[in-house]
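Protein chains in written order, with this note's numbering: chain A, 190 to 597; chain B, 190 to 597; chain C, 190 to 597; chain D, 190 to 597. These notes concern the structure reproduced below.
Number of protein chains: 4
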Amino acid sequence: MPAASTSTAVSATGRGGNLRDWARAAYAAVREETERRVAPLSDEDQLIQSMADASPAKWHRAHTTWFFEQFLLVPQVPGYEPFDERFAFLFNSYYVSAGPRHERPRRGLITRPTVAEVGRYRAHVDAAMARLLAEADEATLDAIAPVIEIGLNHEQQHQELMLTDILHGFAHNPTDPVYAAAWRLPAPVGGDAVKVPGGIYRIGHEGQGFSFDNEAPNHQVLIHPVAIGPLITNGEWLAFMQAGGYRDPLLWLSDGWATVQREGWDAPGYWRQVDGRWFQMTLAGMQPIDPAAAVCHVSYYEADAYARFAGKDLPTEQEWEVAVAGGLPDAFGIVWQWTRSAYGAYPGYRPVPGALGEYNGKFMVNQLVLRGSSVATPDGHERLTYRNFFYPHHRWQFTGLRLTEYAR
Amino acid sequence: MPAASTSTAVSATGRGGNLRDWARAAYAAVREETERRVAPLSDEDQLIQSMADASPAKWHRAHTTWFFEQFLLVPQVPGYEPFDERFAFLFNSYYVSAGPRHERPRRGLITRPTVAEVGRYRAHVDAAMARLLAEADEATLDAIAPVIEIGLNHEQQHQELMLTDILHGFAHNPTDPVYAAAWRLPAPVGGDAVKVPGGIYRIGHEGQGFSFDNEAPNHQVLIHPVAIGPLITNGEWLAFMQAGGYRDPLLWLSDGWATVQREGWDAPGYWRQVDGRWFQMTLAGMQPIDPAAAVCHVSYYEADAYARFAGKDLPTEQEWEVAVAGGLPDAFGIVWQWTRSAYGAYPGYRPVPGALGEYNGKFMVNQLVLRGSSVATPDGHERLTYRNFFYPHHRWQFTGLRLTEYAR
Amino acid sequence: MPAASTSTAVSATGRGGNLRDWARAAYAAVREETERRVAPLSDEDQLIQSMADASPAKWHRAHTTWFFEQFLLVPQVPGYEPFDERFAFLFNSYYVSAGPRHERPRRGLITRPTVAEVGRYRAHVDAAMARLLAEADEATLDAIAPVIEIGLNHEQQHQELMLTDILHGFAHNPTDPVYAAAWRLPAPVGGDAVKVPGGIYRIGHEGQGFSFDNEAPNHQVLIHPVAIGPLITNGEWLAFMQAGGYRDPLLWLSDGWATVQREGWDAPGYWRQVDGRWFQMTLAGMQPIDPAAAVCHVSYYEADAYARFAGKDLPTEQEWEVAVAGGLPDAFGIVWQWTRSAYGAYPGYRPVPGALGEYNGKFMVNQLVLRGSSVATPDGHERLTYRNFFYPHHRWQFTGLRLTEYAR
Amino acid sequence: MPAASTSTAVSATGRGGNLRDWARAAYAAVREETERRVAPLSDEDQLIQSMADASPAKWHRAHTTWFFEQFLLVPQVPGYEPFDERFAFLFNSYYVSAGPRHERPRRGLITRPTVAEVGRYRAHVDAAMARLLAEADEATLDAIAPVIEIGLNHEQQHQELMLTDILHGFAHNPTDPVYAAAWRLPAPVGGDAVKVPGGIYRIGHEGQGFSFDNEAPNHQVLIHPVAIGPLITNGEWLAFMQAGGYRDPLLWLSDGWATVQREGWDAPGYWRQVDGRWFQMTLAGMQPIDPAAAVCHVSYYEADAYARFAGKDLPTEQEWEVAVAGGLPDAFGIVWQWTRSAYGAYPGYRPVPGALGEYNGKFMVNQLVLRGSSVATPDGHERLTYRNFFYPHHRWQFTGLRLTEYAR
Ligand SMILES: [Fe+3]
Ligand SMILES: [Fe+3]
Ligand SMILES: [Fe+3]
Ligand SMILES: [Fe+3]
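And the structure:
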């Protein structure tokens, strides 16, 4: 994943007293959540990769495990033997510093190691981690806590991707498989636009608790007076469609219009019209469109076109953060919200040195920032300063939007 | 598969007396062979599709089953209910007449129906076929025997593909999985070139026993005096490589040279050099090259370049058939042998009407004929008049060559 | 150009007495014809290359000139200085033996040397050739006559391409430029099918007069009794279109149908429907379709589909040659005629050694033989044994078809 | 061109007294400059289009002329007849509102209208414009002055592209054509980094004189204390190259590294190494690299990698504008300078309604802002608030960089 963000629940810095207790509990909780998410999937389901941007569930499980092996067990446990020497090649994702990697678009061909072997790999690493956490002295614990923390946050990011990737895979199956029959997108509370007075604010992570490096440094920003509205709903989106929104080039960014034509888009991702009614492929299979729900699986190009249609703007990420700090609702747990801010470095940003520093800085071009979190984000992983980012044509994530108007 | 050929073992026309007995035995034997070939594969192994030309093992199992359901059970059994209405869409391959089909390159994404469900599908159809074969009256048996025969030959073709396709998939796995540790290519007997006197011969299928439509009509051909040599070996191929065969454009067809450069070919398919020694990925995993074995996994482009290097020719399919009828050894069971004959219609050929007639005729351009059979061909499926065909860049089949010289 | 063939008019072997006179006259005649064909073109017209398969007229003029410089002046004239050292790189086409070449698809970017400089290049080489032909002694003349002959035939091939390539370029211009207002396709004489009795015939070039190497050796072929019909007309093609010929996949080769869908073909090349009437872009600009004229600019895929629609076959090249030797009309000067013979080597064929031997042999895969000649073929270049060849999707040449039926 | 900027010389708002005099003089000056730039080019040179992003010089000449015909003559001159009805289709570039357009990548195939006809088109429109400017009453002049101004600024933008596009075309010619033998990049004055104190500043166009819509509204920005350095030179770039800059993935954005590998970049655009010495293809042909000159023809990806290598940042466009307003030298007339600001809307920006409003707003994604101007920018077209923009892989413009450091 292009990196995203994290949490209080697993935050080592949020711990009250005992670092060892925190680490053991947080490690167990996050690792279990991964297994919980994979439980409805068969071995075959865990193998598929339906596009280069997605990865097999089995790969997510192994890659997040490799992270702990590579960055904690190998350097910290004397005599630790990797479970399988070949896994570093297979399950490294993009850490150039950590050595060569298997080609990303071919992950779906790796039938061996099997799902069962990956399960054993996870158990092996979990046992070694348990020993490490039990036996490490206090100084070691202090030293490794930040790496544990980043490893757990990293695994939580992949937990979200496990859902978006399997939905993408299932959407290619004409039989419309169901991941979880009861799955629904939470309803937004909606409400009026919230006014943000102009002025100088501080944004970015302040150093309390965990964050990714791209959220720092905390710094001053100048905000122009703006009103920021609620999540756009399916009902509003249907009105856009009925007004010919997908057929009018004047509403679209030039690159967006090229995408609409090349891809044949005429509705958000996973929407399908059957006998005049709109449905959407979801983790609960094909479901009728609920007009009151937040629109989901729209790309930046679509979000931008909708804003032009509405005569408004997408918020900047600075406006979003200030507004949410001030109480804007529906920010978390429904859909990630596109901002019009290109993903880049905050003033004075420097990547962390070493392999972990590759994580965020090298993606700072061609992508747009999304803020908040989604229904697929693990509990406790969301954060006010979190900066998620995707390419403008991407829409397989749980992505929606809200709009702003500048005061006149 | 571009269609190929068949057998005596399953030939309804080869039967001595009882048509019902033949049909039940042949049906059981062929269907069991499919399951025998898939036995070493996990559910995950059965799902992968490593290129558009290949198909998942699970798909082969379901597609060959659909053939019997579509062309025998549905038309012949009153009230027969298809096992699953959606399978016609998923498991039809190229019969335009039989309705729309799932996109070929996406077969590897179909995790559901699962391997287990496909097993149940096979059992369901086998049971229905057993009833049909038990209860059909003599007239019906006579009428359906040709369709059973084609269905069994069709399944045998897919049996060969199951092996070539899984080898292709495994070859993409850096861990070099083993399908069957004892697997080896049979050794050729070799020997001198065999002289074929010039003259008029008859080739093509005569109407005794099963054949595909492209083997007919039996017709006269004029053969020029020619000597046809033994299978080319790995040792000979290594000499070609050492002489710079893969680096000299003057040895190659223009399209072949473009392929060599685009693909970076410097050896036959699945060959890999480790510390100066050559290995080949096989169904038994990585194995050292045996200089005495027949060269395998060469494309037509490579076969043609080798012929130019040797100052000889590839045989025409007519020369091959006449020579093998006269006793040329190693024709069957090792490697398919490229001929220089473009795949086309025999004089007076007309496709069978209806869906089954789509089978062969529509591939009669851009492909070259291969003759004989390979180690992966099921017993009894080979035939003197059999015409296999592949594109000139294809080399994932078990393909080799022999050379000819015209008398002077 | 995929190489094709030539003539009596420029044949050194057809000469009565004086070899020097013949050479000077033939050289002058062919070189002038090139200039005559380019006369209606502006400098800009001479530069465009509308696809990788086509070349700019200026390039054709320079490339054919380079041939004489490279293969005659440099080896035969002591102290000859190439007009410009860089031209060997720019104007070599595919002779690997003759050194590196400029990339084919970028020929349309070579604004310098200018059209005027290319004119000077031609004059320079023509003057040097005139001196060579005036001053060479008899032994030299005998030695170089075959190279002159191949050079002139080569230039004639490019003369045909100059017309097909400029038509392709003009067809991309929304203003429908006119090359020659009076241009028309000659009318066919039509007539009934001509019966060819079965038996053994000889085909291929016999050694009298010039031919390309691919026309040899003359050899025996076995012909099955067949009747070969007249050129198919636009009127017949319109009936095919009205019967839904371009929309029925069962009429098409599998690769052909993929091409129809990818390219959106619904009529022959350069056809365009305006207000319900069909027109074709020609060298005389847009012209209404004449139902009595031979259909032109059809690909092999279309020719094959038409044959299936008609329940007949395309002829083999052997059948075509035997029939034309026996008097079949309309063989030359209207449209090249697709045969169903894949382009390959005659039995015993060996390419000429050296650079000139690259000419034909390396294209012997993936292409189909066309026989006869077209309206664009220079006078005297056509020949009974001539084997032209193109890929099955090609249709920018002047290509049509006739059909055969086997006796029953 | 992705739209960029304009000037004082042609600014209607900068005029002292007489609007008519200004319009006639400005129109004549700009139109003549276009012809001056095209003078060294042959008809063939004017036709080539060496990539989809570039356009033929002839097209630039016609397209800029069409702008005046479409947006001034047709609406303002009663009874005005377009010079040729087909030109609107051929020479519209991206104004969806103004009707359908000829496909951009095929502009290089339009040999007709010829260069001579385009010259007549320009003369025809110039005559009509002269009449309009002579005869219009004051009210009309006031109304059309802004459109004249935008038309002239538009033509100036294309003047820059004429040079960058012909250089790109010439760079594909192995004979290294020379556009102007005396052409050189102006030398930078260099100097130390300039400190910009933190604080609130105003940037963007204030409404005096011409600007493009994307430069508005003028608004407050918060600047963090920063020092902004001089133009990076070829000498510094050679040090980056010698340090392995093009071979170390850790220095590159992920998308940038993919581009380096796909394109095989190992030096800036148009650089070529001959016998160990570096040269660059320029408008004066191949020239040795001058270490003291500003590096030119680097992409954003390269600029960003250099900044990482140097441990510094590219400036934001806000920092650049504030620094240049404060006196930073070398801002104009040498190379455009990449900023790290993604091209987007200023707060409160709204596109101008109508076709002219398509000009800038629809490109506000995936591109980066460049500031300043280059040696190819026409005199008087540069402006402090000018926002040029290109994709991060683009390097055929005259593009360089400077670096910043934040105060600590
Ligand atoms: Fe990761
Ligand atoms: Fe099949
Ligand atoms: Fe040639
Ligand atoms: Fe423009």
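Beta carbons: idealized from backbone N, C-alpha and C, even for Gly. Here the structure is a predicted model, which is why all the values come from computation and not from measurement.
What in chain A is Cβ-close to residue i, meaning under 8 Å?
i	result
residue 362(B)	298, 299, 300, 301
residue 529(D)	533, 534
What in chain B is Cβ-close to residue i, meaning under 7 Å?
i	result
residue 239(A)	298
residue 438(C)	285
Which residues in chain A sit within 9 Å of residue i, going by Cβ to Cβ distance?
i	result
residue 226(B)	Under the 9 Å cutoff, chain A gives no residues; its nearest Cβ is about 16 Å from residue 226(B).
residue 366(B)	300, 301
residue 601(D)	Here chain D covers residues 190 to 597 and nothing more, so residue 601(D) does not appear.
residue 358(B)	298, 300
residue 236(B)	232, 233, 236, 237, 297, 300
Under 9 Å Cβ-Cβ, which residues of chain C neighbour residue i?
i	result
residue 304(D)	231, 232, 233
Residues of chain D with CB closer than 7 Å to the CB of residue i, please, in chain order.
i	result
residue 279(C)	363
Interface residues of chain A around residue i at Cβ under 7 Å?
i	result
residue 595(D)	536, 537
residue 291(B)	363
residue 552(D)	443
Would you grab the beta carbon distance between residue i and residue j for me? Rounded to a whole angstrom, and I think it's under 8 Å.
i	j	result
residue 417(B)	residue 385(B)	6 Å
residue 578(C)	residue 558(C)	5 Å
residue 400(C)	residue 572(C)	7 Å
residue 244(C)	residue 296(C)	5 Å
residue 252(A)	residue 448(A)	Actually they are not in contact, since the Cβ atoms of residue 252(A) and residue 448(A) sit about 29 Å apart, beyond 8 Å.
residue 351(D)	residue 227(D)	7 Å
residue 341(C)	residue 216(C)	7 Å
residue 497(A)	residue 427(A)	Not quite, the Cβ-Cβ distance comes to about 18 Å (not below 8 Å), so this is no contact.
residue 372(B)	residue 471(B)	6 Å
By the criterion of Cβ-Cβ separation under 8 Å, what are the contact partners of residue i in chain C?
i	result
residue 275(D)	363, 364
Could you tell me which chain B residues have their CB closer than 8 Å to the CB of residue i, listed as they occur along the chain?
i	result
residue 570(C)	Going along chain B, no residue has its Cβ under 8 Å from residue 570(C), so there is no contact; the nearest lies around 23 Å.
Query raised in the report: Which runs of the alpha helix (DSSP H), 4 residues or longer, sit entirely within the stretch 249-318 of chain A?
Result: 276-280
Query raised in the report: Does the stretch 455-466 of chain D touch the stretch 537-557 of chain D, meaning 3 or more C-beta pairs lie closer than 8 Å?
Result: no
**Report entry** the stretch 387-394 of chain C contacting the stretch 357-368 of chain C, beta-carbon criterion three pairs below 8 Å
**Finding:** no
Query raised in the report: Fully enclosed by the stretch 472-510 of chain D, which alpha helix (DSSP H) runs are 4 residues long or longer?
Result: 489-499
Query raised in the report: Between the stretch 513-523 of chain B and the stretch 565-578 of chain B, are three or more C-beta pairs nearer than 8 Å?
Result: yes
**Report entry** Touch test, the stretch 528-538 of chain B against the stretch 496-512 of chain B, Cβ-Cβ under 8 Å, three pairs minimum
**Finding:** yes
**Report entry** Cβ pair count under 8 Å reaching 3, the stretch 343-354 of chain D against the stretch 287-306 of chain D
**Finding:** no
Query raised in the report: If you pair each beta-carbon of the stretch 482-489 of chain D with each one of the stretch 364-377 of chain D, do three or more pairs fall below 8 Å?
Result: yes
Query raised in the report: Do three or more CB pairs link the stretch 251-266 of chain A to the stretch 310-318 of chain A at distances below 8 Å?
Result: yes
Query - Minimum length 3: unbroken beta strand (DSSP E) runs contained in the stretch 542-582 of chain C - result: 557-560, 577-579
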